[in-house]
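Keeping their order, the protein sequence lines are chains A, B, C and D.
So for the first sequence, full-length UniProt numbering puts the first residue at 1; every next one is plus one.
So for the second sequence, full-length UniProt numbering puts the first residue at 1; every next one is plus one.
So for the third sequence, full-length UniProt numbering puts the first residue at 1; every next one is plus one.
So for the fourth sequence, full-length UniProt numbering puts the first residue at 1; every next one is plus one.
Number of protein chains: 4
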Amino acid sequence: MEPPAPSTDMPQDPPAPRRRPGGRTARVRALVHGAVREQLVAEGYDGLTVDAVAARSGVHRTTVYRRWRDVGGLLADVLDSAADDGWAPPDTGSLEGDLTALNEEVAAGLTEDPPIAMALIAASFRSPEAAEALRRFWDDRYRRCAPVVERAAARGELPGAATDDRALLVAATAPVYHRLALLRAPADPALPATAARTAALAAGAGAFAVPG
Amino acid sequence: MEPPAPSTDMPQDPPAPRRRPGGRTARVRALVHGAVREQLVAEGYDGLTVDAVAARSGVHRTTVYRRWRDVGGLLADVLDSAADDGWAPPDTGSLEGDLTALNEEVAAGLTEDPPIAMALIAASFRSPEAAEALRRFWDDRYRRCAPVVERAAARGELPGAATDDRALLVAATAPVYHRLALLRAPADPALPATAARTAALAAGAGAFAVPG
Amino acid sequence: MEPPAPSTDMPQDPPAPRRRPGGRTARVRALVHGAVREQLVAEGYDGLTVDAVAARSGVHRTTVYRRWRDVGGLLADVLDSAADDGWAPPDTGSLEGDLTALNEEVAAGLTEDPPIAMALIAASFRSPEAAEALRRFWDDRYRRCAPVVERAAARGELPGAATDDRALLVAATAPVYHRLALLRAPADPALPATAARTAALAAGAGAFAVPG
Amino acid sequence: MEPPAPSTDMPQDPPAPRRRPGGRTARVRALVHGAVREQLVAEGYDGLTVDAVAARSGVHRTTVYRRWRDVGGLLADVLDSAADDGWAPPDTGSLEGDLTALNEEVAAGLTEDPPIAMALIAASFRSPEAAEALRRFWDDRYRRCAPVVERAAARGELPGAATDDRALLVAATAPVYHRLALLRAPADPALPATAARTAALAAGAGAFAVPG
DNA sequence: AGGTAACCGAGACGGTACGTCACGTCTTCAC
DNA sequence: GTGAAGACGTGACGTACCGTCTCGGTTACCT
């Protein structure tokens, strides 16, 4: 949190690595990002090889390996760059409504075709880098959902002094993820609402209240 | 509740309608099953290749390809053969207690080292056959858990005429799976109980009641 | 002077009842051998890469790596298979005549175009396997030249009880190799004869006599 | 007589024809020369890459490519700069003695460890520039050996009016080079003397006499 | 007891992808 | 405006594993 201390540079201290934000490097990155997305859509995760991305992007294999190391690195970079969108949680006027809408977004994402979200989850099991990126992505998403809980508290829907928003949000969305991503059961149109209602009900009963 | 640990038991009679149940064929199957489990423990899923299994089992590569086709087929067979253990859900005298115990089993399975359960989940994302086998396995496990709900109903813990036992069980266990398998957050010792309490609370409030 | 060994590079007796003449393995070997020679002629040693040989032969890269390991292995195999020709040293009726003829063969080999011999020598500096194969090749050639010395002795051209034939032959041929392969001086039409005369003269003076 | 060992001395003044003798250019050249020699000693010829030399010398890759073009250029420059040492042929009082001493130097150079001379020879087969430099180097060495023949003539060891000193010297040294560099036979302690005696004997018999 | 279909061992091969290395060029940023 | 730092295109390397093929040899089940 403190400002960076001025480097007490010793003789021959290498200067700060200069960035090259514009030009070829940036163009290559954009080309590769696009190719990753297209390849994922076209062939699914199992078709997402470095070779295929390189061929599709027109960038050379070696360059991809140099900059992204492997498929996990590619996905991580794409995921991170995707985290900068302006996503915001729904605001329906009630906790259960918000959670239901959230779950419906989740369900839609997990069942869309091509199955990009599933591909990313699959990737996270093969590449630590992709796993970490996905973790960061979800962390960011859950953090942005905090207002859902705060608004509910402000409306008096939640008892007690404070509520563990993350626990509540995870409890609300977990059944959808579990059913679709792990159990691989067919989509249940009622599940988003059911899971939301369950979590909202438990929250109203103080299940996620923070002591103190 | 988690995918099974590799048992080192000897070949039990496969109830499959196989043509030649005895002798060499069965021995080969047992050798390969053992090698799959050992390899999974030793090298993780990414090290679970047909070649490695063949080498470890002493069975020839070609034979493995002939009978199991690929890694997914190997895992599916092993998973299916593991479904015949005598697992039964806990019985603690209360719905919340049963669910908590169940969740603790799940959490233990997902965090054990070597991470066999995680390896199987990872496999399910790469092989349709393994995915189907894992689906069958979980289906079987949830089915065996039905008595937990039935006992709770008999004790009068659940309102209404009938409860969707599967929905209740999924809701109870989903947060644990979600946190550990997807979000990859560190294990939270309180989560099994919290998730169980949440689900039990919602169930008590009729969230999983079946109409009619 | 042992009789020429039967060549082992052609398909030997195919016990195949209904198969095409020659098994796949032998056909692959023949294809690759041919491609090595062609590539060497077409592109020289620096163009002799595994990839190029594979492409030219129609055999897959991986197969070449599996069986020959690297360029050195390829050359070694080709060299060894070439050692089974029926080469015999010249027989002109005099030691100096034989050595001159031998040197002229050496000079012709080292100056031919495409420079296959030079390419093999170059290869021997990059691959231990090729070096060893070349060593074996020369050893075989010098061994076959022993009759040159024996005939000279029988004619009474050599003093003493015995002559170190290898030393004599190396002394006779070394200047040609040295000038053309190492010093890379232009070919000197007189050198084969000069070097032969020098060696013959020294031999006649007993320079290569074996004591005892 | 063998290619020079890498001297680890610091930059001596380059007697460059028209270059700026001092300053950065000379310093860079010295750094690179040193790095080439060190790299050759440390990793052998196969480890002598432009990248490695640049890294070892601290000079940028691009600079090396600009000034020396490739590995052959590097070696050629180093070899040429090494030709300026003060090497002189032995002077033992007899032709055979001189040639023996010369051969022993050659043999020592070809069998030293690390095998720098062999590395240079290897390089000469891969880079025309290095080949030409090595040719120049040997030419210079043989030229400096002329006094060996002149002294022998002055002592009356050589018949006729004149002797082809180069031919004599090549004949004397060729067996050593041939055996060690091409045939790769183990070092024979007697060979330097044998080859010297052979050549001296032939020379005494007028084998290298120049007509006219 | 013997036949025979099914199964297994063995080895090579074509093929995709991996990840690395070095070469030599080209572009961009900083001076 | 120039030139050094570094990113890139290019080609080759050697490896892992995949899945297939063919051949030949066993084995277990059935008649």
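Using N, Cα and C, we set each Cβ at its ideal position, and we do this for glycine too.
These numbers were taken from a predicted model, which means no experiment stands behind them.
**Prompt:** At what residues does the alpha helix (DSSP H) containing Pro175(D) begin and finish?
**Reply:** Asp165 to Tyr177
**Asked** Quick one: which chain B residues come within Cβ less than 8 Å of Val106(A)?
**Response** Residues of chain B passing the Cβ test: none, with the nearest at roughly 11 Å.
**Message:** If I measure Cβ to Cβ from Pro192(B) and keep anything under 7 Å in the same chain, skipping five residues before and after, which residues do I get?
**Reply:** Thr100, Asn103, Glu104, Ala107 and Val176
**Prompt:** Buried or exposed: which applies to His178(A), given that a residue is buried once 16 or more other Cβ atoms fall within 10 Å of its Cβ?
**Reply:** buried
**Request:** Determine the direct distance from the alpha carbon of Ala153(A) to that of Glu150(B), and round the result to whole angstroms.
**Result:** 35 Å
**Request:** Under 8 Å between beta-carbons, which chain B residues line up against Leu201(A)? List them in chain order, please.
**Result:** Leu201, Ala202, Ala205 and Ala207
**Asked** When you compare only the Cα positions, how much space is there between Pro211(C) and Asp165(C)?
**Response** 13 Å
**Request:** Go through its chain and collect everything with a Cβ distance to Leu95(D)'s Cβ below 6 Å, but skip five positions before and after it.
**Result:** Ala152, Glu157 and Ala200
**Request:** Return helix, strand or coil for residue 262(A), following the three-state DSSP convention.
**Result:** Examination of residue 262(A) is not possible in this model, given that chain A is present from 1 through 212 alone.
**Message:** For chain A, check one thing: does any of its Cβ atoms lie closer than 8 Å to the Cβ of Pro17(B)?
**Reply:** With a pLDDT of only 37 at Pro17(B), under 50, the local geometry of the prediction cannot be trusted, and no value is derived from it.
**Request:** May I ask you to report which of helix, strand or coil DSSP gives Ala190(C)?
**Result:** coil
**Request:** Quick one: grab the DSSP three-state call for Ala209(A).
**Result:** strand
**Asked** Can you check whether the CB of Val41(C) is closer than 8 Å to the CB of Val71(C)?
**Response** no
**Prompt:** Distance, Cα to Cα, Thr173(A) vs Ala52(B)?
**Reply:** 39 Å
**Request:** Flag this pair as yes or no: are the beta carbons of Leu31(A) and Gly73(A) separated by less than 8 Å?
**Result:** no
**Asked** Are three or more beta carbon pairs between the region 87 to 94 of chain A and the region 180 to 194 of chain A nearer than 8 Å?
**Response** no
**Request:** Would you tell me roughly how many angstroms separate the C-alpha atoms of Ala207(B) and Thr92(A), rounded to the nearest one?
**Result:** 21 Å
**Message:** For Arg126(D) and Asp98(C), which I take to be in contact (beta-carbon distance under 8 Å), what is that distance rounded to the nearest angstrom?
**Reply:** At roughly 35 Å, the Cβ-Cβ gap does not stay under 8 Å, so Arg126(D) and Asp98(C) are not in contact.
**Asked** Just checking my contact of Leu79(C) with Leu169(C) at CB under 8 Å: how many whole Å lie between their CB atoms?
**Response** Not really, about 20 Å apart at Cβ, beyond 8 Å.
**Message:** Closer than 9 Å between beta carbons: that is the criterion. Which residues of the region 126 to 140 of chain D meet it against chain C?
**Reply:** Arg126, Ala131, Glu132, Leu134, Arg135, Trp138 and Asp139
**Request:** Measure how close the beta-carbons of Val36(B) and Leu48(B) come, nearest whole angstrom, since I'm counting them as under 8 Å.
**Result:** 7 Å
**Request:** Using alpha carbons as the reference points, say which of Gly44(A), Ala202(A), His60(A) and Thr194(A) lies closest to Val28(A).
**Result:** His60(A)
**Message:** Here's the rule: buried if 16 or more other CB atoms are within 10 angstroms of the residue's CB, otherwise exposed. What is Glu129(A)?
**Reply:** buried
**Spatially closest choice to Ala162(B) from Arg197(B), Ala205(B) and Pro189(B), by CA coordinates** = Ala205(B)
**Asked** Can you find a CB in chain C that lies within less than 8 Å of the CB of Leu48(D)?
**Response** no
**Item:** Inter-residue Cα distance where the pair is Ser81(A) and Thr25(A)
**Value:** 16 Å
**Prompt:** Roughly how many angstroms separate the alpha carbons of His140(C) and Ala83(C), rounded to a whole number?
**Reply:** Before going on, a small fix: residue 140(C) reads as Asp here, not His. Computed Cα separation, rounded: 8 Å.
**Request:** Measuring only between beta-carbons, confirm whether Thr194(B) sits less than 8 Å from chain A.
**Result:** yes
**Prompt:** Of all the options Gln39(D), Ala202(D), Arg197(D) and Ala195(D), which has the alpha carbon lying nearest to the alpha carbon of Pro115(D)?
**Reply:** Gln39(D)
**Span of the alpha helix (DSSP H), counted from its first residue to its last, around Leu102(A)** = Leu95 to Thr111
**Prompt:** Ile121(B) touches chain A at which residues, Cβ-Cβ below 8 Å?
**Reply:** Phe125 and Leu182
**Item:** Residue-level contact to chain C via CB, Arg197(D), 8 Å cutoff
**Value:** yes
**Asked** When the Cα of Phe137(B) is compared with those of Gly160(B), Ser124(B) and Arg66(B), which residue comes out closest?
**Response** Ser124(B)
**Request:** Thinking Ala117(A) and Gly44(A) are a contact (beta carbons under 8 Å), I'd like their distance in whole angstroms, please.
**Result:** The pair is not a contact, with the Cβ atoms about 12 Å apart (cut-off 8 Å).
**Asked** So is Ala54(B) buried or exposed if we call it buried at 16+ other beta carbons inside 10 Å?
**Response** buried
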